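Letter by letter, the sequence shown follows residues -16 to -1, 1 to 449 in mature numbering (1 follows the signal peptide of the UniProt record, and there is no 0).
All C-beta atoms, glycine included, are put in the ideal place defined by N, C-alpha and C.
As the structure is a prediction and not an experimental result, all values here were calculated from the model.
To keep things clear, I will list the structure first and then write my remarks on it.
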Amino acid sequence: MGACMALCSIASCASCLCGSAPCLLSSCCPSAYNSTVTRLAFSFLLLLGALVSVFMVLPGMETQLKKIPGFCVDGASIPFSDNKVDCDVMVGYKAVYRMCFAMACFFFLFSIIMIRVRSSKDPRASIQNGFWFFKILILIGIAVGAFFIPDGMFTTVWYYFGAVGSFCFIIIQLILLVDFAHSWNQSWLQRAEDGNTKGWFAALLSFTILHYVLAFTSLVLLYVFYTQPDDCTEHKVVISLNLLFCIIVSIVSILPKVQEAQPSSGLLQASLITLYTMYITWSAMTNNPNRKCNPSLLSLVTDQGPPPTPAPGPAIGATVPPHEAIQWWDASDAVGLGIFLFCTLYASLRSSNNAAVNKLMLTDEGQGLTADYEAAVGDDGVRRAVDNEEEVVTYNYTFFHLCLLFASLHIMMTLTNWYLPDSDYQYMRTAMPAVWVKICSSWLGLSIYLWTLVAPVILTNRDFS
């Protein structure tokens, strides 16, 4: 049903060229709320931009990108440097940076326009829920214009914007995963109470054990492949700390006082967060420029003795000596893209009963994908989405667009392997800032999850029911 909703609603919304009326629904889809359809439509635009960015980094695409007039000129002089531009190295990254820059500008624009929209009666709500044809034209216009941005310091500066935005989105991902785990746990507990208690509890226990087994296996592999007896002290400390933090949140999740204040908390959520933390730890370590501590998945080049200069990361489509191995996309980033797709779709369809998570995500909704009643039928006999925001919006419009802005930057960093542009713009290389951004995000994410557990216990004067 989710796939039907995504495809049918987006196709029908694309036909709403102007006006603030709720988007039309195809007859093949169930009734839905206008707020859900709108979020799906914006998410579709984000995923479409991400798909275009993926095509830009595919091997062989640099030949086509170099045909764009003035976008990248081989041998052009680099300001304040004696070096020349190497388009085989840089053109793929430049294209991804500019496409994601366009998406970030698009969502930033809407985040500003939608500040303090309280209900669908606000005239700006019609811009949020309609005018899809013009929105697409605006996005295309910004994307085309972005390809004419002069090089200068744009790539380097935008790298640091991307790192900060990606950090924020990693935190949002973890909050969404916490929300998903709470909803998952509540759903199966409710089914266990309705019947077949042993079967549903066995299913909950099985997934909890599976998550912990995968997390423990990941922990062992991290110690084996990403540490050395005489080196990689940072990796040893980080792995050990994250193990300790995961044990702490797991214990806290089943404390009697926490269970009493928040009956939905349990080891299922803690196990999923533990597994996600191990993934973030792995992803961080694959960005370590020290080859001795990052020997396997990134595989920058085969060691041939100490290099005379810092070793660059592999460039998309770059010509390298035969002994050097190109890995144009890291495995951890492929997993990250899958998590990103899931979280983006879930953010559009989510319907949470967890008050602590709703406060963090600035939402207050009791309904999600489908409405409890049939969608309104217009004079033309076509069903329309139900406007469920006449009194108050079910999600913060500005915050939603900021989430998509951060998602755009996260996609940019993921598709470029978090490579830092060289100061001479001749190659891209891994850098420690990417490692610490991910490590710190894992710590902050665990702190946020811990807060969702203890907040009802500490703030007894607030209603977290």
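Would you call the CB atoms of residue i and residue j closer than 8 Å?
i	j	result
MET45	SER392	no
PHE90	ILE120	no
ARG334	ASP106	no
ALA418	ASN274	no
GLY320	THR217	no
MET378	TYR77	Before going on, a small fix: residue 378 reads as Thr here, not Met. For THR378 and TYR77, no; Cβs fall outside 8 Å.
VAL222	THR258	no
LEU388	PHE85	no
LEU437	SER237	yes
LEU227	LEU205	no
TYR81	LEU161	no
GLY250	ASN380	no
VAL370	TYR144	no
LEU32	THR328	no
Taking the alpha-carbon positions, what's the residue i to residue j distance?
i	j	result
GLN212	ILE395	31 Å
GLY179	LEU252	20 Å
PHE118	GLN48	28 Å
ALA415	PRO240	44 Å
PHE229	LEU158	15 Å
TYR207	SER425	20 Å
LEU430	GLU177	30 Å
HIS219	ASN278	10 Å
THR444	GLN243	14 Å
ALA127	ILE155	27 Å
SER316	ALA268	9 Å
PHE209	SER224	15 Å
SER11	VAL421	Confidence at SER11 is low in this model, with a pLDDT of 43, below 50, so the placement of that residue should be treated as unreliable; the coordinate-derived value is given next. Approximately 46 Å, taken between the alpha carbons.
LEU29	ASP214	48 Å
MET98	ALA109	8 Å
SER332	LEU24	5 Å
GLY322	VAL38	13 Å
SER104	TYR196	44 Å
THR382	THR347	11 Å
LEU194	PHE200	10 Å
THR192	LYS276	34 Å
ALA130	TYR433	38 Å
LYS51	ASP135	17 Å
VAL304	PHE326	Interpretation of VAL304 is limited by its pLDDT of 37, a score under 50 that renders its predicted location unreliable; the figure taken from the coordinates is listed afterwards. Taking the straight line from one Cα to the other gives about 36 Å.
SER171	PHE94	35 Å
ILE111	ARG102	14 Å
In terms of alpha-carbon separation, which member of the options lies closest to residue i?
i	options	result
ARG100	THR398, SER431, VAL376, THR436	VAL376
PHE92	TYR379, LEU386, SER426	LEU386
ASN113	LEU434, VAL38, GLU374	GLU374
LEU198	GLY129, PHE115, MET262, VAL421	MET262
THR139	ILE156, MET83, ASN169	MET83
VAL233	LEU256, SER190, PHE383	LEU256
MET74	LEU434, ILE442, PRO440, TYR403	TYR403
VAL441	PHE383, LEU329, GLN246	GLN246
TRP142	THR22, PHE390, LYS182, HIS166	PHE390
HIS166	ALA254, HIS195, THR201	ALA254
LEU428	PHE324, VAL370, PHE153	PHE153
VAL148	ILE423, LYS182, ILE52, ALA318	ILE423
ILE96	PHE384, ALA439, ILE432, ARG446	PHE384
ALA79	LEU42, ARG102, ILE111, PHE115	LEU42
Quick one: is residue i buried, meaning 16 or more other Cβ sit within 10 Å of its Cβ, or exposed?
i	result
GLY146	buried
MET40	buried
MET137	exposed
GLN174	exposed
ILE124	exposed
LEU188	buried
PHE185	exposed
THR20	buried
TRP435	exposed
LEU35	exposed
ALA318	exposed
THR22	buried
PHE132	exposed
ALA359	The pLDDT assigned to ALA359 is 49, lower than 50, so where the model puts this residue is not dependable; a value taken from the coordinates is nonetheless given after this. The residue is buried, with at least 16 neighbouring Cβ atoms inside 10 Å.
THR181	exposed
For the alpha helix (DSSP H) containing residue i, name the first residue and the last one.
i	result
PHE185	181 to 209
THR261	251 to 269
PHE383	381 to 399
TYR144	138 to 178
ASN274	Neither: ASN274 is in no alpha helix (DSSP H) and is coded neither H nor E.
TRP116	116 to 130
VAL376	Where VAL376 is concerned, there is no enclosing alpha helix (DSSP H), given that its DSSP letter is neither H nor E.
ARG23	18 to 40
ASN113	107 to 113
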